[in-house]
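Residue numbers (my numbering): 824 to 1322. Worksheet for the structure shown next.
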Amino acid sequence: MASPLRRSSVEALKLGFDGVKVQPFSEIPGPKFPVLGALPTFLSYGFRKSHSFYKDLYKQYGPIVDTSILSDPAVMVSDPREWRKVFQREGRYPKGIVSDLWMTEKVNKKHGFPTSSLMQEGKEWQQGRQALQKDIFSVASATSYCEPVTDAAQQVMDGLNMKLAKDEGVDFDGVMVDAVADVFTAAVLGKPLGFSTGAATEAQRRWARAGMRSIELTATMMFQPHMKIWPEAFQPYREYEELMGDMVRTTTQLVEETIESYKDFSGPEDELPYVVRVARRGELPSETLAHEVQAIVVAGLDTTYHVLLWNMLNLAQFPHAQEALREEVFRVLGPSAHFTRDKLSEMPYLKALMRETHRFSHPASLFTYRFLDEDVALCGYNVPAGTRIMMMSEGLQSDPALVEDPEKFRPERFLPEAVEARKTDPLKSLIDHKLLGTPFSFGARMCLGARLADMEIMTLLAKFTACFDVQLAPNQTWEKVAKTMAAPEPSPKVIFRAR
Ligand code: HEM
């Protein structure tokens, strides 16, 4: 049987890889320099342009690429049908991004901080994850935070209106950061801390910024493993260490204050904030709770901000999408634009817009990978146990063989009738594969806050669209750079006008 390499990539994607003769790992195409592997090519792009690096590798080599660097074997796999095989084999204790968090481990050891169970592997991770996911992971538990999130989103709009009325300059990036920090703290701590209205204290602002900056520093260090050798010699590690110390103090204080303020509350459990629910369950030692919450802050703020930012930027640059969403928001939610999950089935445009942003801007791509304990055949090649398997879809989702006019932003392509129309086309329907649909990964280590993040973003998009016209200022250009996720740089100017 022919190797998938000898067929064109498109043909291979069309036919799939089941039943093809399995070739050895050494045959996987890629930029293979002796000893260095893909390192020289990676360095020619640099970490900041790593999105382009992976996208170009797909274009050049197809759905599987050998991205090994030095002695670390790695492959990039772009076909979601092949990802399924990886998740099926990940076992009880999946190994992914956490295996790269040497910097967190080092800082914790040095300062005597406990390491969050979410940042561990094996049984420690599983026990913590089981306790922490009960009040947040299922659709029902995430939905139970809808009211505080909606109220917080309204405060975000009020805060922005206040700034516009006072004619204070409005910085798009800052509005997005504050909005996410407010809806997040509403769900986790029971009230928005008032980042958008100016009520948050300086220490709280520093805390939120530190949470966001620390994950960016983590990503920077993860992709530059030479920093492991002598971390203190590198600025990102020194800054990270300082931020962590600061954050621990403020997180501990916020968690204690929240628990104290609910100590006499005897109403329904689903009116409690997340940290109080977890504390009352009592399944985790109380002295480590603040460290678990800190891991959640680090994992949940910056990520949500990036996804919100690109969705809003796309609304600002593509007025047709903004108009279509606004029409749907008013029709389904009415003038208050209060989003509730039961309305989601009536809001196909909102879903399609977020799906198209995930395809077109692809904010989150670097985080989904696994190391398996067994060999696996992927895209017709044997991938040995222990290889870093990176599941990346940026290249595939902008492949003109699969997507018509991939450089155009068209949420309509993900409306149910469009999806239905391509259902029987093996190539074009690949884009609708379930594993490509969200940025949250899959399997047992799938993002803990996926449903909460989705709800936060949908709530904010509905409110922003109902309350403001958003428009990209003239002559804005930016580059897409890798931070934690992809970010536009310089940050574009967006004009908000109250409606
Ligand atoms: C749009 C926003 C978000 C994106 C794109 C995102 C994405 C991800 C991804 C890709 C992973 C890695 C999963 C894997 O290795 O399979 C992850 C893990 C995680 N996320 Fe999120 N996330 C977001 C928001 C949140 C929020 C709001 C929270 C908390 C409330 C959160 C908490 C976590 C935690 C704790 C983990 C580690 C889970 C584990 O290893 O068991 N994330 N996220």
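We put the CB at the ideal spot given by N, CA and C, even for glycine.
Does the distance between the C-beta of residue i and the nearest non-hydrogen atom of the ligand HEM fall short of 7 Å?
i     : result
S1168 : no
A1241 : no
F1319 : no
C1270 : yes
T1126 : yes
R952  : yes
I1082 : no
G1017 : no
L838  : no
I1119 : yes
A1102 : no
P857  : no
M921  : A small correction: the amino acid at residue 921 is Val; Met does not occupy that position in the sequence shown. For the ligand HEM, at least one heavy atom lies less than 7 Å from the Cβ of V921.
A1122 : yes
P937  : no
G851  : Correcting the residue identity first, residue 851 is Ile in this sequence and not Gly. No, Cβ of I851 sits at least 7 Å from all heavy atoms of the ligand HEM.
A1276 : yes
V1395 : For the chain, the structure presents residues 824 to 1322; residue 1395 sits outside this window and is missing.
Which residues in the same chain as residue i place their Cβ atom closer than 7 Å to its Cβ, once the five residues preceding and following it in sequence are excluded?
i     : result
E1312 : W1301, E1302 and V1304
M980  : K1286 and C1290
P827  : Its pLDDT being 45, under 50, P827 is placed unreliably in this model, and the value from its coordinates should be taken loosely. Cβ within range, chain order: A835, F840, V843, C1202 and G1203.
T973  : H1161, F1162 and T1282
If you drop the 5 nearest sequence neighbours on each side, which residues of the same chain put their C-beta closer than 6 Å to that of residue i?
i     : result
A825  : Here the model assigns A825 a pLDDT of 40, short of 50, so the residue's position is not dependable, and the following value carries that caveat. Nothing listed; no residue qualifies.
K872  : none
E905  : L1201 and C1202
A897  : T890, S891 and R1211
A1113 : T1074, T1075 and V1078
R829  : Legend: pLDDT at R829 = 42, less than 50; position of this residue unreliable, value from coordinates given subsequently. Once the five neighbours on either side are set aside, R829 has no close Cβ partner at all.
Look up residue i in the DSSP assignment and give the residues it is bridged to.
i     : result
G860  : F856 and I892
A1305 : A1309
V1206 : V1199
R1354 : Residue 1354 falls outside the range modelled here, since the chain spans only 824 to 1322, and no answer is possible.
V898  : D889 and I1212
With residue i as the anchor, note down where its alpha helix (DSSP H) starts and where it stops.
i     : result
F876  : S873 to Y884
A1023 : No alpha helix (DSSP H) contains A1023, which DSSP labels as neither H nor E.
N1134 : L1112 to Q1140
M1070 : Q1058 to S1084
S1089 : Run containing S1089: none; DSSP gives neither H nor E here.
S922  : It is not in any alpha helix (DSSP H) - S922 carries neither H nor E in the DSSP assignment.
With respect to the beta strand (DSSP E) encompassing residue i, which residues constitute its N-terminal and C-terminal limits?
i     : result
Q911  : From DSSP, Q911 is part of no beta strand (DSSP E) but of the alpha helix (DSSP H) over P903 to Q911.
P1238 : In the sequence under discussion, the amino acid at residue 1238 is Leu, which differs from the Pro named in the question. Careful: L1238 lies outside any beta strand (DSSP E) and carries neither H nor E.
Quick one: what's got a C-beta closer than 8 Å to residue i's C-beta in the same chain, skipping five residues either side?
i     : result
P1158 : A1289
R1149 : T1288 and A1289
K989  : none
P1207 : F848, P896 and D1198
P937  : N931, E1110, T1111 and H1114
- For the stretch 1151-1200, which segments carrying the beta strand (DSSP E) assignment without a break, of at least 3 residues, lie completely within its bounds, in sequence order? 1192-1194
- List in chain order: all unbroken alpha helix (DSSP H) runs of 4+ residues lying wholly within the stretch 927-980. 945-956 and 962-966
- Task: Tell me the start and end of each unbroken alpha helix (DSSP H) in the stretch 983-1019 that is at least 4 residues and wholly inside, in chain order.
- Result: 995-1012
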